[in-house]
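Some notes on the structure that comes next.
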Amino acid sequence: MSAPVRIGVIGGGMMGREVASALSRWFVLDNFPVRAELMGVCDVAEKPREWFRQVPTVKLITADYRQLLASNEIDVVYVAVPHDLHESIYIDVLKSGKDLFAEKPFGIDLQAARAISDAANHHGRFVRCSSEFPFLPGPQRVFQMARSGRLGRLIEIRTGFHHCSDLDPSKPINWKRQIKTCGEIGVMGDLGMHMVHIPFRLGWKPKRVYAQLQKIYHERPDGRGGMAAADTWDNAMLHTEADIDGAEVPMRFEMKRLAPGETNTWFLEILGTDGGAKFSTKEPKTLWTFTREKEQFWQRTDLGFQMPFPTITGGILEPGFPDCFLQMWAVFLAERAGKLEGRFGCVTPAEALQSHELFAAALRSHADKRAISLGEI
Ligand SMILES: NC(=O)c1ccc[n+]([C@@H]2O[C@H](COP(=O)([O-])OP(=O)(O)OC[C@H]3O[C@@H](n4cnc5c(N)ncnc54)[C@H](O)[C@@H]3O)[C@@H](O)[C@H]2O)c1
């Protein structure tokens, strides 16, 4: 058995802890070719550092990420910190000679994404960006159907990610609702990478965008009895077109923090003249497929645990968020080891950069109230 890949985490908040969860049950992956262990954690706050003390493999816990980067017992670093810190910390990871699993949006803006991407090329490290939903069985089937060419002429593509907890005006402010820490792109930086992953991998790149951006609540409780400005975009609808098989096809991206009743709904719909496919995490084991014969019909298929990499979980059981997150890590480490064997991979730096080009164009579109060609960015 080869030595495990030693992982360090910078930012032990919500996502840093998900990594501890995924790596702690690595053994559920059946005959997986790479071992992995969480070795070190850095967080500036005491509470998350304390939490990680219960993870048996963790040997290094620090408040200074430079200490983690100086350790020669860490091979790969996952960084999950506020967006204003992505550029400096990601580049420091690359300079330290370690591979990087970056969180989205891969820099606070397009300029930061370009700097990170240049550093990745310069240092020649293995770098990918997080987006886990495409590793669920439903999205994988939609991807395969789109790639098969069996859908006929494409009519439209619609994809989105909807949240609803911000509908509550008493929800306190946090760094994700402020431009200085989340970025001018707001909700696009929060939710957008999850949506573009599959269309971009299919080679469907928007060439033009018309954006509708909304700020719905302008302030939120600051947690100290006062109010603070909530100045990021809450909802974003990007109406785009992509050239697909010689035709210009409408492709709509919806990112919403205020979508009534939608707790964490990621969806993708691809409609063609001969076939179609739809998946939503709202019905997590259901794949909808369209067939046009003498009659037309939508067919519902219950999918089981058909993940990219097999696990000990029974084939008829249904997967959830921790499962697709574990699969994303398996895909990351398999690709790093040259063992992906044709499977769908994690977001590349080039794709992350393209997402920022789209969001930058969307900002300009909304400001100018006109469609913007991606060539203008
Ligand atoms: N893939 C996903 O599904 C998903 C979901 C949510 C968030 N994210 C992304 O993950 C990243 C983190 O989001 P989160 O929800 O985990 O945020 P969070 O606020 O829960 O955690 C961030 C952590 O970073 C720590 N931190 C801040 N500055 C630091 C520094 N200089 N050094 C070390 N630690 C520092 C904070 O103390 C905090 O514990 C963001 O990029 C976000 O967009 C991804």
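Residues 4 to 380 (the numbering used here) are what the sequence shown spells out, left to right. Note that CB positions come from ideal geometry on N, CA and C, so glycine has one too.
Check whether Val47 and Phe55 have beta carbons under 8 Å apart: Cβ atoms of Val47 and Phe55: not closer than 8 Å.
The stretch 106-121 in contact with the stretch 352-364 per 3-pair CB rule at 8 Å: Result yes; three or more Cβ-Cβ pairs closer than 8 Å.
DSSP bridge partner residues for Pro59 (one or two, in chain order): Partner(s): none; Pro59 has no beta bridge.
Whole-Å CB distance - Lys174 paired with Ser376, under 8 Å assumed: The Cβ separation is near 37 Å, so there is no contact.
Beta-carbon gap between Lys281 and Glu321 smaller than 8 Å: no
Residue range of the alpha helix (DSSP H) that includes Thr184: Ile182 to Cys185
Where Met198 falls, given that 16 or more other Cβ within 10 Å makes a residue buried: Burial call: buried.
Whole-angstrom distance between Arg117 and Ile219, CA atom to CA atom: 30 Å
Presumed contact (8 Å Cβ cut-off) between Met191 and Met258, rounded CB distance: 6 Å
DSSP-derived helix/strand/coil call for Pro137: helix
Supposed close pair Ile77, Val84 - CB separation, criterion 8 Å: About 17 Å; that fails the 8 Å criterion.
Among Asp277, Phe308 and Gly152, the one whose alpha carbon lies nearest that of Lys297: Looking only at Asp277, Phe308 and Gly152, the smallest Cα-Cα distance to Lys297 is reached by Asp277.
Nearest to Phe96 (by Cα), restricted to the options Ile201, Gly229, Val79 and Pro263: Reading off the sequence shown, one finds Val at residue 96, where the question assumed Phe. Out of Ile201, Gly229, Val79 and Pro263, Val79 has the C-alpha closest to the C-alpha of Val96.
Exposure label - Met17; buried when at least 16 CB within 10 Å: exposed
Among Leu290, Glu106, Ala232 and Gly229, the one whose alpha carbon lies nearest that of Val130: Glu106
Any non-hydrogen atom of ligand 1 closer than 7 Å to Pro399 Cβ: Here the chain comprises residues numbered 4 to 380, so residue 399 is not present and cannot be evaluated.
Reference Gly264, options Val334, Trp301, Tyr81 and Lys285, closest by Cα: Lys285
Inter-residue Cα distance where the pair is Arg204 and Gln215: 25 Å
Spatial distance of Leu63 from Arg52 (CA atoms): Taking C-alpha positions only, Leu63 is separated from Arg52 by approximately 10 Å.
Closest residue to Pro311 among Ser5, Lys342, Ser120 and Asp102 (Cα-Cα distance): Lys342
Residue interval of the alpha helix (DSSP H) (run including Asn124): Leu113 to His126
Cβ neighbours of Arg346 in the same chain (closer than 7 Å, five flanking residues each side left out): Pro311 and Val334
Range covered by the alpha helix (DSSP H) that runs through Trp54: Glu49 to Trp54
Proximity to His126 [Cα-Cα], best of Leu139, Asp102, Pro140 and Glu135: Asp102
Cβ distance (whole Å) where Val350 is taken to contact Met240 below 8 Å: Wrong, their Cβ atoms sit about 22 Å apart, outside the cutoff.
Three-state secondary structure assigned by DSSP to Arg255: strand
Leu88 to Phe300 span [Cα, whole Å]: 49 Å
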